[in-house]
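A.B. asks: Residue numbers (UniProt numbering): 1 to 365. No residue lacks a Cβ here, since even glycine has one placed at the ideal position from N, Cα and C.
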Amino acid sequence: MERQHQEGTRDAGGWCWDCRAAAEPRSCRQHEVLDTEAALGRHLQGVMAEAASQLGGLLGQCQRERALQALTLLATESWDLTLRGGGRELKGTVRDTEDPLVKAVWLVLATRAALTEVDLERGGEMGTQPESEREPIPEPSILAAQCPPAEEADQPRLEVNVSEICARDDSEEKAAALGNVIGVERLVGVYCHSDPAWSLQLLQRAAPTVEQLSVMYSREPHLRAVHAMPRLRRLFVWGDDGALDAKPPELPPLPPGHGNLRWLTVWLPRATLQSLLQAHGHSLEELALLVGTAGDEAWPSSCSDLHSLLGQCGLRALQRLVLWRVVAWLHDPAACCEQRTEVRRVLPAAEVLCSLCDPAVTGRF
Numbered sequence: 001m002e003r004q005h006q007e008g009t010r011d012a013g014g015w016c017w018d019c020r021a022a023a024e025p026r027s028c029r030q031h032e033v034l035d036t037e038a039a040l041g042r043h044l045q046g047v048m049a050e051a052a053s054q055l056g057g058l059l060g061q062c063q064r065e066r067a068l069q070a071l072t073l074l075a076t077e078s079w080d081l082t083l084r085g086g087g088r089e090l091k092g093t094v095r096d097t098e099d100p101l102v103k104a105v106w107l108v109l110a111t112r113a114a115l116t117e118v119d120l121e122r123g124g125e126m127g128t129q130p131e132s133e134r135e136p137i138p139e140p141s142i143l144a145a146q147c148p149p150a151e152e153a154d155q156p157r158l159e160v161n162v163s164e165i166c167a168r169d170d171s172e173e174k175a176a177a178l179g180n181v182i183g184v185e186r187l188v189g190v191y192c193h194s195d196p197a198w199s200l201q202l203l204q205r206a207a208p209t210v211e212q213l214s215v216m217y218s219r220e221p222h223l224r225a226v227h228a229m230p231r232l233r234r235l236f237v238w239g240d241d242g243a244l245d246a247k248p249p250e251l252p253p254l255p256p257g258h259g260n261l262r263w264l265t266v267w268l269p270r271a272t273l274q275s276l277l278q279a280h281g282h283s284l285e286e287l288a289l290l291v292g293t294a295g296d297e298a299w300p301s302s303c304s305d306l307h308s309l310l311g312q313c314g315l316r317a318l319q320r321l322v323l324w325r326v327v328a329w330l331h332d333p334a335a336c337c338e339q340r341t342e343v344r345r346v347l348p349a350a351e352v353l354c355s356l357c358d359p360a361v362t363g364r365f
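Structure, rendered in structure tokens:
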């Protein structure tokens, strides 16, 4: 029966796992041939859940140029695509840009594909022109709304992205990265769970100079290393893996000369979040907080006393608060309105927005 199934798969145009191509009856007789559904399942085993958890982390890796590319992809109604590889070329058109899956593809392309814009009038790559000779690219308002003040939004003198190497076992590559982050001002894509010891050492090496940081799935030592960074201005910290939930760490007050964080996007356990906000309440200007409306679910899926939590954090410099909602979590429009009204009472100087209710909020977290 198995032989008949394999022969039928070859005749029906299955996938040769050894050749990594469509099965040819004559050439794949001795190879492992699967039907297309089984081959897809093997290729994508475990990918869906892992990709869903990493999509949010990609947002913290969008430096200005990549963010502009992502916004351009998202704002255009259709795109003609050309893919070349393995001696083949595929062409197609993507039109449904409101499809959430398409939006996710655009985000991945912007952060991972190193896209280069071609000047259609001159027939060359715009990226080949020296930056000093290029016309300035206007700052989209939806991006500027989430950026720190202009002096902070300038490109750092040194940037390192380690998202591609965090999960690898390449000791030489990781040793080189430890040297590369000395003196860094912007460090992105630090996935702490893949290699906790190395990622902690990486953060410690970068600590004296880093000003902008994105860190995902951190453990307590990583959080404490981040908390002690003296020049940190912009932080994206994502912790939806539950590793800190059993015993949430509480971060201590900062010593003099530390604590000038201005922009924070955060998903952390409640106690950890509160201690982080209290430490930076005097300087924090923009806060994006993932939290639900009132309900019976555990934090952060729901929160019935957000105003009380934020009111204890001394957020006297806060200008903008975005309450990011996950659709699968609890979000009742009436409860949302009440929650924001209560928060505005304790943060009267801040703009308080909901990612689902307010059109002024973009689809980025």
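(1) Do three or more CB pairs link the stretch 311-323 to the stretch 250-259 at distances below 8 Å?
(2) Once you ignore the five residues that flank residue 352 on each side, which residues in its own chain have a CB closer than 6 Å to its CB?
(3) Which residue wins for smallest C-alpha separation from residue 78, given the options 68, 67, 103?
(4) Is residue 349 helix, strand or coil by DSSP?
(5) Take the Cβ of residue 165 as the centre, count every other Cβ of all protein chains shown within 10 Å, and call the residue buried at 16 or more, exposed below.
(6) Starting from residue 198, trace the alpha helix (DSSP H) in both directions and tell me its first and last residue.
(7) Does residue 337 pass the burial test, meaning 16 or more other C-beta atoms within 10 Å, or should it be called exposed?
(8) Alpha carbons only, please: which of 300, 301, 306, 168 is nearest the one belonging to residue 194?
(9) Can you give me the start and stop residues for the alpha helix (DSSP H) that residue 167 sits inside?
(10) Could you tell me the distance, in whole angstroms, from the CA atom of residue 75 to the CA atom of residue 32?
(11) Considering residue 189, what are the terminal residues of the beta strand (DSSP E) in which it resides?
(12) Considering just the uninterrupted stretch of the beta strand (DSSP E) at residue 320, what are its terminal residues?
(13) Would you give the residue range spanned by the alpha helix (DSSP H) that residue 220 belongs to?
(14) Identify every residue that forms a DSSP beta bridge with residue 234.
(15) Please return the same chain residues whose Cβ sits closer than 7 Å to the Cβ of residue 172, not counting the five positions on each side in sequence.
(16) Within the same chain, show all residues whose beta-carbon is closer than 6 Å to that of residue 199, passing over the 5 residues directly before and after it, in chain order.
(17) Under a Cβ-count criterion, where at least 16 other Cβ atoms within 10 Å of its own Cβ denotes burial, should residue 176 be classed as buried or exposed?
(18) Assuming residue 368 and residue 106 form a contact by the criterion Cβ under 8 Å, report the distance between their Cβ atoms to the nearest whole angstrom.
(19) Ordered along the chain, which non-local residues of its own chain (more than five positions away) have a Cβ less than 6 Å from that of residue 293?
(20) What's the call for residue 82, buried or exposed, on a 16-neighbour Cβ count within 10 Å?
(21) When we look at the beta-carbon of residue 300 and count the other beta-carbons within 10 Å, is it buried (16 or more) or exposed?
(22) Let me make sure I understand the geometry here. Which of 80, 84, 101 has the alpha-carbon closest to that of residue 94?
(23) Spatial neighbours of residue 268 within its chain, please: CB distance less than 6 Å, with the 5 preceding and 5 following residues excluded, ordered by chain position.
(24) Is residue 340 helix, strand or coil when you go by DSSP?
(25) In the DSSP output, what is residue 80 paired with across the bridge?
(26) Given this structure, state the Cα-to-Cα distance separating residue 161 from residue 274, to the nearest angstrom.
(27) Buried or exposed: residue 84, going by 16 or more other Cβ atoms within 10 Å of its Cβ?
(28) Does the beta carbon of residue 302 fall short of 7 Å from some heavy atom of the ligand FAD?
(29) Please list, in chain order, all residues of the same chain as residue 250 whose beta carbon is under 7 Å from its beta carbon, the five residues on each side excluded.
(30) Return the chain-ordered ranges of every alpha helix (DSSP H) run that is complete within the stretch 271-327 and spans a minimum of 4 residues.
(31) I need the boundaries of the beta strand (DSSP E) containing residue 159, first residue and last residue.
(32) So, are the CB atoms of residue 214 and residue 184 less than 8 Å apart?
(33) Taking residue 312 as the reference, which of 287, 111, 281, 349 has the closest Cα?
(34) Indicate the three-state DSSP secondary structure (helix, strand or coil) for residue 74 in the structure shown.
(35) On a CA-only basis, which of 307, 297, 36, 34 is nearest residue 289? Give me that one, please.
(36) Assign residue 33 to one of three DSSP states: helix, strand, or coil.
C.D. replies: For this structure:
(1) no
(2) In the sequence shown, the residue the question calls residue 352 occupies position 352. The residues are 321, 340, 343, 344.
(3) Here residue 78 is taken as the residue at index 78 of the sequence shown, counted from 1. Nearest option by C-alpha distance: 103.
(4) Here the question's residue 349 lines up with position 349 in the sequence shown. Of the three classes helix, strand and coil, the one that applies to residue 349 here is coil, per DSSP.
(5) On the sequence shown, position 165 is the one that residue 165 refers to. Residue 165 is buried by the Cβ-count criterion.
(6) Position 198 of the sequence shown holds residue 198. From DSSP, the alpha helix (DSSP H) with residue 198 extends over 196-206.
(7) As a position in the sequence shown, residue 337 is number 337, starting the count at 1. Exposed is the call here.
(8) Position 194 of the sequence shown, counted from the start, is the residue given in the question as residue 194. With distances taken between Cα atoms, residue 194 lies closest to 168.
(9) The count along the sequence shown starts at 1 and reaches residue 167 at position 167. Per DSSP, residue 167 belongs to no alpha helix (DSSP H) and is neither H nor E.
(10) The count along the sequence shown starts at 1 and reaches residue 75 at position 75. The count along the sequence shown starts at 1 and reaches residue 32 at position 32. Spanning the two alpha carbons is a distance of roughly 43 Å.
(11) Working through the sequence shown from its first residue, we reach residue 189 at position 189. It spans 186-191 - the beta strand (DSSP E) in which residue 189 sits, taken as one unbroken run.
(12) Mapped onto the sequence shown, residue 320 falls at position 320. For residue 320, the enclosing beta strand (DSSP E) covers residues 320-324.
(13) As a first step, residue 220 is located in the sequence shown; it is residue number 220 there, counting from the start. From DSSP, the alpha helix (DSSP H) with residue 220 extends over 220-227.
(14) Residue mapping note: residue 234 aligns to position 234 of the sequence shown, counting from 1. Per DSSP, 212, 263.
(15) Looking up residue 172 in the sequence shown gives position 172. Around residue 172: no qualifying Cβ.
(16) The count along the sequence shown starts at 1 and reaches residue 199 at position 199. The residues are 190, 192.
(17) The residue given as residue 176 occupies position 176 in the sequence shown. Its Cβ having fewer than 16 others within 10 Å, residue 176 is exposed.
(18) Since the first residue of the chain shown is 1 and the last is 365, residue 368 is not available in this structure.
(19) Here residue 293 refers to the residue found at position 293 when the sequence shown is read from its first residue. If we look at residue 293 and ignore the five residues flanking it on each side, its Cβ neighbours are 330, 331, 332, 335, 336, 339.
(20) Here the question's residue 82 lines up with position 82 in the sequence shown. With fewer than 16 Cβ atoms within 10 Å of its Cβ, residue 82 is classed as exposed.
(21) The count along the sequence shown starts at 1 and reaches residue 300 at position 300. Per the 10 Å Cβ criterion, buried.
(22) For the purposes of this step, residue 94 is identified with residue 94 of the sequence shown, where counting begins at 1. Per the Cα distances, 80.
(23) For the purposes of this step, residue 268 is taken as the residue at position 268 of the sequence shown. The residues are 239.
(24) Residue numbering aside, residue 340 sits at position 340 when the sequence shown is read from its first letter. Helix, per DSSP.
(25) Translated into the one-based positions of the sequence shown, residue 80 becomes position 80. DSSP output for residue 80 lists 93 as bridge partner(s).
(26) Residue mapping note: residue 161 aligns to position 161 of the sequence shown, counting from 1. Residue mapping note: residue 274 aligns to position 274 of the sequence shown, counting from 1. Residue 161 and residue 274: Cα-Cα distance of roughly 29 Å.
(27) Locating residue 84 in the sequence shown gives position 84, where the first residue counts as 1. Exposed, because fewer than 16 other Cβ atoms sit within 10 Å of the Cβ of residue 84.
(28) With respect to the ligand FAD, the structure shown offers nothing to examine, as it has no ligands at all.
(29) The residue given as residue 250 occupies position 250 in the sequence shown. If we look at residue 250 and ignore the five residues flanking it on each side, its Cβ neighbours are 271, 272, 275.
(30) 306-311
(31) Residue 159 sits at position 159 when you count from the first residue of the sequence shown. Residues 159-161.
(32) On the sequence shown, residue 214 is found 214 positions in, with the first residue counted as 1. On the sequence shown, residue 184 is found 184 positions in, with the first residue counted as 1. No.
(33) By 1-based counting over the sequence shown, the position of residue 312 is 312. Of the candidates 287, 111, 281, 349, 281 places its Cα closest to the Cα of residue 312.
(34) Counting from 1 along the sequence shown, the entry for residue 74 is found at position 74. Note: residue 74 maps to helix in three-state DSSP.
(35) Within the sequence shown, the letter at position 289 stands for residue 289. Ranking the options by Cα distance to residue 289, first place goes to 307.
(36) What you label residue 33 is simply residue 33 of the sequence shown in a count that begins at 1. Strand, per DSSP.
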